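Position one of the sequence shown corresponds to residue 0 (numbering that gives the first Met the number 0), numbered consecutively onward. First up is the structure itself, then whatever we jot down about it.
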Amino acid sequence: MADDTASIDSVKPRRGARYWIALAIIGVIGGLLSGAFGVGGGIIMVPLLITFVHMDQRRAGATSLVAIIPTALVGSLTYYYNDQIDLAAAGIIAAGAVVGAVIGSMLLRRIPLVWLRWMFIVLMLLVAVRMVLLVPERGAEVDLSVPVIFGYIALGLIMGIASGLFGIGGGVIAVPALVAIFGVSDLIAKGTSLLVLIPTGIVGTIANLRGHVVDLRAGVVVGIAAVAASVPGVQLALLMSPRVSSILFAALLLVAALQLSVKAVKAQRKDRAPREKRARRQKRTARTPRVKG
0 MADDTASIDS VKPRRGARYW IALAIIGVIG GLLSGAFGVG GGIIMVPLLI
50 TFVHMDQRRA GATSLVAIIP TALVGSLTYY YNDQIDLAAA GIIAAGAVVG
100 AVIGSMLLRR IPLVWLRWMF IVLMLLVAVR MVLLVPERGA EVDLSVPVIF
150 GYIALGLIMG IASGLFGIGG GVIAVPALVA IFGVSDLIAK GTSLLVLIPT
200 GIVGTIANLR GHVVDLRAGV VVGIAAVAAS VPGVQLALLM SPRVSSILFA
250 ALLLVAALQL SVKAVKAQRK DRAPREKRAR RQKRTARTPR VKG
């Protein structure tokens, strides 16, 4: 862990005008996605931070999480103003998500992730297909019952665990689950998802600050730009038909699955390299004749 932190601190991107402009543009893109689809925006912001401002994976994820907090706050307030948030559902899901985030961070250090990554990728592809085939019903709400409450808690746990394990924002899981499993309106699902992202983002950011992997100034710049774009993003969501919203969200899930696939392949290659090196060393040792003393 110390080596990872040291390597992160050693990568210092140049802080010229282009750097800050690139951060602002990335924030605008993430904010539009956040408002329009009820996700954190990290699916797009993380690879953009890596590509255009040369952050490493961990720092990009942590910086994106900082930006998500104010973006989710403003976006959820806009959805609330338009009566498109289920406050009770958000509170229950958030409780599960905070616990799940802690569990996910613990599992990250204890279990092999190769098969988990690929299972999650397959799940996202199946959800994308489901979103294309399903047309959400606008205005649909769900009455709280014991099974629904337990379902919300389970959804929160899955969101938190997946976030800790895979670095994927909970909105990618929450929105399709609320629509496809619980039958919630797509707009209420998006607004509720954004509200849940606030406490989970705060918990994750506190942990990242303790681990010294956050570029706080960069996160603030991205966050300010994302906040400015999140309100138009919500207005875009209100204008989109349920069918168009489902298709575009499915496309977003495909992008996320592709991004995770790239990570999974790179991780497998990285894990395979030391084993192959040890195997070659053992072959050379076996071929070397022993000298009798």
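Even for Gly, the Cβ is constructed at its ideal location relative to N, Cα and C. This one's a predicted model, so the numbers in the text were calculated from it and none came from an experiment.
Euclidean distance between Cα positions of GLY169 and LYS265: Looking at the two C-alpha atoms, the distance is approximately 23 Å.
For ILE42, the nearest candidate out of ALA89, GLY95, ILE172 and ARG17 (CA to CA): Ranking ALA89, GLY95, ILE172 and ARG17 by Cα distance to ILE42 puts ILE172 first.
Burial state of PRO69 (16 or more Cβ within 10 Å): PRO69 should be labelled buried.
First through last residue of the alpha helix (DSSP H) which encompasses GLY232: 215-238 is the extent of the alpha helix (DSSP H) around GLY232.
Beta-carbon separation (whole angstroms), LEU120 vs LEU259, contact threshold 8 Å: Inspection of the sequence shows that residue 120 is occupied by Ile rather than by Leu. With a Cβ gap of about 5 Å, ILE120 and LEU259 count as contacting.
Boundaries of the alpha helix (DSSP H) in which ASN207 is found, first to last residue: It spans 185-209 - the alpha helix (DSSP H) in which ASN207 sits, taken as one unbroken run.
Three-pair Cβ contact test at 8 Å for the stretch 180-187 versus the stretch 80-87: Contact between the stretch 180-187 and the stretch 80-87 is present, because at least three Cβ pairs lie under 8 Å.
Close Cβ partners of LEU252 (< 8 Å) along its chain, the five nearest in sequence each way excluded: Within the same chain, Cβ atoms closer than 8 Å to the Cβ of LEU252 are found at MET123, LEU124, VAL126, ALA127, MET130, VAL171 and PRO175, the five residues on either side in sequence being excluded.
Pairwise C-alpha distance: LEU132 and ALA179: Straight-line measurement puts the Cα of LEU132 at about 10 Å from the Cα of ALA179.
Through-space distance from GLN56 to LEU193, alpha-carbon basis: So the alpha carbons of these two residues sit roughly 23 Å apart.
C-beta contact flag for ALA61 and MET44 at 8 Å: In this structure, MET44 does not lie closer than 8 Å to ALA61 by Cβ.
Neighbourhood of ALA23 by C-beta distance below 7 Å, restricted to the same chain and skipping five residues each side: In the same chain as ALA23, and ignoring 5 residues on each side of it, the C-beta atoms closer than 7 Å to its own belong to VAL220 and ALA224, in chain order.
Stretch-stretch touch, CB-based, cutoff 8 Å, three pairs: the stretch 94-103 with the stretch 224-238: They do not touch, by the three-pair rule.
Closest by C-alpha distance to LEU238, when choosing among ALA21, GLY34 and ILE28: Across the set ALA21, GLY34 and ILE28, the C-alpha of GLY34 shows the shortest separation from the C-alpha of LEU238.
Where SER348 falls, given that 16 or more other Cβ within 10 Å makes a residue buried: Nothing about residue 348 can be reported from this structure: the residues present for the chain run from 0 to 292 only.
Helix, strand or coil at ARG14 [DSSP, three-state]: Coil at ARG14, not helix or strand.
Endpoints, the alpha helix (DSSP H) within which VAL73 is located: Here the alpha helix (DSSP H) through VAL73 covers 56-80.
From GLY37, VAL38, ALA21 and LEU72, residue whose alpha carbon lies closest to that of PHE51: Comparing C-alpha distances from PHE51 to each of GLY37, VAL38, ALA21 and LEU72 shows the shortest one belongs to ALA21.
Euclidean distance between Cα positions of GLY40 and ARG268: Just so you know, the alpha carbons of GLY40 and ARG268 end up roughly 28 Å apart.
Pair within 8 Å by beta-carbon distance, TYR79 and VAL233: Not closer than 8 Å, so no.
C-alpha distance - GLY155 paired with VAL27, whole-angstrom precision: In a straight line, the C-alpha of GLY155 is about 27 Å away from that of VAL27.
Burial state of THR250, where buried means 16 or more other Cβ atoms lie within 10 Å: Checking the sequence, you will find Ala at residue 250 rather than Thr. Flag for ALA250 reads exposed.
Residue environment, PRO273, which counts as buried when at least 16 other CB atoms sit within 10 Å: Counting Cβ neighbours within 10 Å, PRO273 comes out exposed, since fewer than 16 surround it.
Residues near SER229 in its chain [Cβ-Cβ closer than 6 Å; skip 5 each side]: Excluding residues within five positions, the ones whose Cβ falls inside 6 Å are GLY30, SER33, GLY34, THR70, VAL73 and GLY74.
Assumed close pair THR191, LEU177 - CB separation to whole angstroms, cut-off 8 Å: Confirmed, about 7 Å.
Cut-off 8 Å between Cβ atoms - residues of its own chain near SER9, not counting five sequence neighbours on either side: Annotation note: pLDDT 43 at SER9 (below 50); position unreliable, no value reported.
ARG271 versus MET54: straight-line alpha-carbon distance, rounded: Answer to the nearest angstrom: the Cα atoms are 25 Å apart.
Neighbour-count burial assignment, PRO146, 16 or more Cβ in a 10 Å radius: With fewer than 16 Cβ atoms within 10 Å of its Cβ, PRO146 is classed as exposed.
Residue range of the unbroken alpha helix (DSSP H) whose run includes PHE181: Where PHE181 is concerned, there is no enclosing alpha helix (DSSP H), given that its DSSP letter is neither H nor E.
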